[in-house]
Amino acid sequence: MHNLLGVIGWSGSGKTTLLEVLVGQLAADGLRINVVKHSHHDVMLEPPHKDSARLRAAGAAQVMIASPFRVAVIRELRGAAEPTLAEQLALLGPADLTLVEGYKWEAIPKLEVQRPSLGHPALYPNDPHIVAVASDAPRPDDLPDNVAWLDLNAPAAVLAWLKARINSPQA
281 MHNLLGVIGW
291 SGSGKTTLLE
301 VLVGQLAADG
311 LRINVVKHSH
321 HDVMLEPPHK
331 DSARLRAAGA
341 AQVMIASPFR
351 VAVIRELRGA
361 AEPTLAEQLA
371 LLGPADLTLV
381 EGYKWEAIPK
391 LEVQRPSLGH
401 PALYPNDPHI
411 VAVASDAPRP
421 DDLPDNVAWL
431 DLNAPAAVLA
441 WLKARINSPQ
451 A
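Numbering (my numbering), first residue to last: 281 to 451.
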């Protein structure tokens with residue numbers, strides 16, 4: 281599971297900002313990075329007046345939009361259960377690393393982004409799948425030995441930890 285890492289934390293903790301830096305640098309280094317972003321909200325992917333949106337509204341189960349710049353497949357659930365993370369991951373192409381933002385309940389290795397100033401409790405004490413915490417607070421004395429403590433304000437250090445994880449032999 282060295283090629284899969286969840287990134288979790290409370291809203292406003294800086295998950296997406298950190299991911300932008302990590303993805304940008306890893307991609308610049310020639311790695312292929314996939315990202316799965318979970319949202320609890322309805323996602324508007326194109327304006328309602330565009331052909332693809334009109335075709336979805338007309339009842340299409342899936343609409344593929346293809347251009348010389350990108351391809352997107354939009355699948356309407358129409359009341360069906362949300363696909364599992366495993367089902368979503370199966371739709372992705374190969375990558376050196378897949379980062380998953382959200383899905384905090386999944387049993388996958390995770391990096392918690394934590395800012396105590398937001399007033400929310402840390403997640404790592406109650407989640408054995410958290411392998412590292414990126415925080416703007418000092419390392420707590422009671423941190424489990426198997427959890428890395430990273431400086432959220434030093435993204436290069438977080439990147440170095442992630443690169444070491446990607447390159448380490450699988451357990």
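Where is the CB? At the ideal position from N, CA and C, for every residue including glycine.
For Pro396, the closest C-alpha among the options Leu432, Asp407, Ala375, Pro424 is that of Leu432. According to the DSSP assignment, Glu367 belongs to the alpha helix (DSSP H) that extends over 365-370. Inclusion of Pro389 and Leu284 in the CB contact set at 8 Å is warranted, their separation being smaller than that value. Here the alpha carbon of Ile345 sits roughly 13 Å from the alpha carbon of Pro327. Rounded to whole angstroms, Leu311 and Val301 show a C-alpha spacing of 14 Å. Under the three-state reduction of DSSP, Ser415 is assigned to strand. If you keep only unbroken beta strand (DSSP E) runs of at least 3 residues inside the segment 371-442, you get 377-381, 390-394, 410-415, 428-431. Separation of Val438 and Val303 (C-alpha to C-alpha, rounded to the nearest whole angstrom) is 12 Å. With a 10 Å radius around the Cβ and a threshold of 16 neighbouring Cβ atoms, Gln394 comes out buried. An exposed status is given to Val353, since fewer than 16 other beta-carbon atoms sit within 10 Å of its beta-carbon.
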